[in-house]
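Below is one structure, written out as structure tokens, with a few remarks after it.
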Amino acid sequence: MATMDYVEVPSYATRLRSERPGNDLRPAPKILTSLPRPEHSPVRASPASAQPMSPSKASGTNLTSMLLSSALQLPANAPSTPRMYGTSKGAPRLLSTRDPLSVPITTVNFRRFVSKAGPIFWLQDRIEEIVLWKKSQKYTLVWMAAYAFICYFPRLILLLPHVIVLGVLLAMHPTLRGRDAAENPSPKATQPPPSTQPGEGSVDWLANLQAIQNLMGAVSDGHDFAIQFVPYLTWSSPYTGIVLSAVLVTFFAMIPLVNMLPMRTTCLVVGLLPFFVTHPFTQHTLIPHLQSSFGPVLHHILAQARRFVDDDNLEDRHWRTELREVELYENERWAPAPSGASDEAAKAEGTWSKTNLKPGERKPWTRGRDGWSGVSDDGSHEVSSNLTFSLAAGWYFVETEDWRPDLEGSWAGDCSADEAGWVYTNDVWLDSHPHPLEEWKAAGGMTRRRRWTRRIYYSPKASV
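Take the sequence shown: its letters are residues 1 to 464, numbered as in UniProt numbering.
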């Protein structure tokens, strides 16, 4: 291989090969690939769709009908009666006697569900207030004491339905409702049921729609996380035997331990443990201290576990050839909250975004760690969801993998990365740290970078 004394070739650079013996370098073909997806949800919303919709606009257009009519397309050969999964051929589905699959029926039922799902998310908010200490410490401590009382007298759990009904009846009693008690002093007077169904296009209706949207994303994220471990349970992986052996050994080893554990104390500790984990002292003091002490080790273990899963998904043709990595760098800048913000916490927090990058500096996505070989060539910070990579002839992206963030941050030298793989720097992209410094916030400018990698493999037969 030829050498150049006046250029320092990086160790991660890949020399392009050529099929012609006399031509060592040649333009490589462009391969289309998608950008890394930093967000948890696999579907990234566009800036236009991320803006909130006013009730007046929502009432003027049938939002639900537009969503369903544009997203749901029934195939022409769809059967009139769906079949049950896992049943014998021709066995009808249990719900086949109900309404058939139809876009109008789906639209009507979805609109009804949006207007009536408010109590579900109201209960979710109340649980988050208790578990995450959002309302007050006394409020959460009362619920912790109630749980401890039930753990000491476990048979009282059978009375919970009566306690819930009594609590609702007492909370809705006219003498405890202030103004309603003055208007209707007699508790025997019939009260109209409270309105729990918001009108379509109202603020509450849009809040329910937003909660349903986030719930669908959370369920999808949970499914995508759990589906990775399904091959180890369905004997679709060579490691299933090892998993079976480990489960059997731990099962028989835990039988004596389970018999020795006091159930009341165990339920008390397990039930109160989430409250201690979500306490502000644990979140803001204890966990950051543990991350600074054991963060690099934990990040290395997590990176090795992800690589183990990726290696298990490789096919035989990947193992029989050479594997390498290509990389991208994600760049963002911090901007303080506007001076007119009323919330001091929000003002001090600020926002991280690619749109905060200054004109003339590095682009949101760059191919090199120097920050100047940007993905978009038009000089703007707006990039599409796809990019083109120049790979040498015979090199292809591994089909079973996607872009992975570098959680260790080894590319930044002695500095490590945070739990998401970000490495923080000052206003001029220098002085790397695993977490932002307070003096950077006081100065009003700081930046961060994150490395993404994806593996490629060599297949000369596929390039012919």
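Yeah, the Cβ is synthetic: ideal placement off N, Cα and C, and Gly gets one too.
ask   = What do you reckon, are the CB atoms on L209 and V103 nearer than 8 Å?
value = Taking the first residue of the sequence shown as position 1, residue 209 is located at position 209. Taking the first residue of the sequence shown as position 1, residue 103 is located at position 103. With contacts defined by Cβ atoms closer than 8 Å, L209 and V103 do not form a contacting pair.
query = If you count every other CB in all the chains shown that lies within 10 Å of the CB of S416, and 16 or more means buried, which is it?
reply = Locating residue 416 in the sequence shown gives position 416, counting from the first residue. Flag for S416 reads buried.
task = Mind the definition here: the region 325-335 touches the region 351-369 only if three or more C-beta pairs lie below 8 Å; say whether that holds.
result = The region 325-335 is in contact with the region 351-369.
Contacting residues, own chain, Cβ-Cβ under 6 Å from R449 (five flanking each side not counted) = In the sequence shown, residue 449 corresponds to position 449, counting from 1. The residues are Y329, N331, V423.
ask   = DSSP on P338, reduced to helix/strand/coil?
value = Counting from one through the sequence shown, the residue named residue 338 turns up at place 338. Residue state, collapsed to three classes: coil.
Nearest candidate by alpha-carbon position, reference R317, set L159, W395, R112, C267 = Residue 317 sits at position 317 when you count from the first residue of the sequence shown. Answer by Cα proximity: W395.
Spatial neighbours of A412 in its chain, beta-carbon cut-off 7 Å, leaving aside the 5 residues before and after = As a working mapping, residue 412 is identified with position 412 in the sequence shown. Excluding residues up to 5 positions away in sequence, V423, S432 lie with their Cβ nearer than 7 Å to the Cβ of A412 in the same chain.
task = Return the chain-ordered list of same chain residues with a C-beta closer than 8 Å to the C-beta of M144, the five sequence neighbours on each side being excluded.
result = Here residue 144 corresponds to residue number 144 of the sequence shown, with the count starting at 1. Contacts found: L272, F275.
message = Along the chain, where does the beta strand (DSSP E) containing Y239 start, and where does it finish?
response = Within the sequence shown, residue 239 is the residue found at index 239, counting from 1. For Y239, there is no enclosing beta strand (DSSP E), since its DSSP letter is neither H nor E.
query = Distance, Cα to Cα, L211 vs F225?
reply = Along the sequence shown, one-based indexing puts residue 211 at 211. Along the sequence shown, one-based indexing puts residue 225 at 225. According to the sequence provided, residue 211 is Ala. The question's Leu does not apply to it. Distance between the alpha carbons of A211 and F225: 21 Å.
ask   = Terminal residues of the continuous beta strand (DSSP E) containing T453?
value = Counted from its first residue, the sequence shown places residue 453 at position 453. Run containing T453: 446-458, per the beta strand (DSSP E) assignment.
query = For H299, does the count of other Cβ atoms within 10 angstroms reach 16, so buried, or fall short, so exposed?
reply = In the sequence shown, residue 299 corresponds to position 299, counting from 1. The residue is buried, with at least 16 neighbouring Cβ atoms inside 10 Å.
ask   = In chain order, what residues of the same chain have a beta carbon less than 8 Å from the beta carbon of S236, not counting five sequence neighbours either side?
value = For the purposes of this step, residue 236 is taken as the residue at position 236 of the sequence shown. Within the same chain, V230 come within 8 Å of S236 by CB-CB distance, once the 5 residues on both sides are set aside.
task = Measure the C-alpha to C-alpha separation of A443 and W352 and round it to an integer number of angstroms.
result = Locating residue 443 in the sequence shown gives position 443, where the first residue counts as 1. Locating residue 352 in the sequence shown gives position 352, where the first residue counts as 1. One C-alpha to the other measures close to 15 Å.
ask   = Under three-state DSSP, which class holds E327?
value = Here residue 327 is taken as the residue at index 327 of the sequence shown, counted from 1. Strand.
R455 vs V398 beta-carbon contact at 8 Å = The residue labelled residue 455 in the question sits at position 455 within the sequence shown. The residue labelled residue 398 in the question sits at position 398 within the sequence shown. Cβ distance < 8 Å, so R455 and V398 count as in contact.
A420 vs P405 beta-carbon contact at 8 Å = What you label residue 420 is simply residue 420 of the sequence shown in a count that begins at 1. What you label residue 405 is simply residue 405 of the sequence shown in a count that begins at 1. A contact, by the Cβ cut-off of 8 Å.
ask   = Given 8 Å as the limit, is there contact between the region 197-204 and the region 112-131, that is, 3 or more CB pairs closer than that?
value = The region 197-204 is in contact with the region 112-131.
Option in A393, S410, F149, E401 with minimal Cα separation from C267 = Position 267 of the sequence shown holds residue 267. Ranked by how close their Cα comes to the Cα of C267, the residues A393, S410, F149, E401 have F149 in first place.
ask   = In terms of DSSP beta bridges, what is R405 paired with?
value = By 1-based counting over the sequence shown, the position of residue 405 is 405. Note that residue 405 is Pro in the sequence shown, not Arg. In DSSP, P405 forms a bridge with W452.
query = Which residues bound the beta strand (DSSP E) around T425?
reply = Within the sequence shown, numbered from 1, the residue matching residue 425 stands at position 425. Here the beta strand (DSSP E) through T425 covers 422-425.
query = Could you give the residue range of the alpha helix (DSSP H) that holds F294?
reply = Your numbering for residue 294 matches position 294 in the sequence shown. Note, F294: alpha helix (DSSP H), 287-313.
ask   = Opposite W365 in the DSSP bridges: which residues?
value = On the sequence shown, position 365 is the one that residue 365 refers to. BP columns for W365 point to E330.
key: Nonlocal neighbours in the same chain, by C-beta distance under 6 Å from E322, ignoring five residues either side   = The count along the sequence shown starts at 1 and reaches residue 322 at position 322. Cβ neighbours of E322 beyond the five flanking positions: Y458.
query = With 16 as the cutoff for other CB atoms within 10 Å, does M446 come out buried or exposed?
reply = Position 446 of the sequence shown holds residue 446. Counting every other CB atom within 10 Å of its CB across the protein chains shown gives M446 a total of 16 or more, marking it as buried.
task = Return the chain-ordered list of same chain residues with a C-beta closer than 6 Å to the C-beta of E129, the five sequence neighbours on each side being excluded.
result = For this step, residue 129 is matched to residue 129 along the sequence shown. Counting only Cβ-Cβ distances below 6 Å, and skipping sequence neighbours, we find K135.
query = Helix, strand or coil for F153 per DSSP?
reply = Looking up residue 153 in the sequence shown gives position 153. Three-state DSSP puts F153 in coil, outside helix and strand.
key: With 16 other Cβ atoms within 10 Å as the buried cut-off, status of E401   = The sequence position of residue 401 within the sequence shown is 401, counting from 1. Result: buried.
ask   = With DSSP run on the structure shown, which of helix, strand or coil describes W133?
value = The sequence position of residue 133 within the sequence shown is 133, counting from 1. W133: coil per DSSP, three-state reduction.
Three-state secondary structure assigned by DSSP to W429 = Taking the first residue of the sequence shown as 1, we reach residue 429 at position 429. Collapsing the DSSP output to three states places W429 in coil.
inquiry  = Give me the DSSP bridge partner(s) of T351.
reply    = If you number the sequence shown from 1, residue 351 lands on position 351. Per DSSP, A335.
ask   = Under a Cβ-count criterion, where at least 16 other Cβ atoms within 10 Å of its own Cβ denotes burial, should T140 be classed as buried or exposed?
value = Numbered from 1 along the sequence shown, position 140 holds the residue referred to as residue 140. Buried: at least 16 other Cβ atoms inside 10 Å.
key: Residue(s) in a DSSP beta bridge with F397   = One-based indexing of the sequence shown puts residue 397 at position 397. In the DSSP output, where bridge partners are listed per residue, F397 has I456.
request  = For P36, count neighbouring Cβ atoms within 10 angstroms of its own Cβ and tell me buried if that reaches 16, exposed if not.
outcome  = Here residue 36 refers to the residue found at position 36 of the sequence shown. By the neighbour-count definition (other C-beta atoms within 10 Å, threshold 16), P36 is a buried residue.
key: Supposed close pair L391, I120 - CB separation, criterion 8 Å   = Within the sequence shown, residue 391 is the residue found at index 391, counting from 1. Within the sequence shown, residue 120 is the residue found at index 120, counting from 1. Not quite, the Cβ-Cβ distance comes to about 49 Å (not below 8 Å), so this is no contact.
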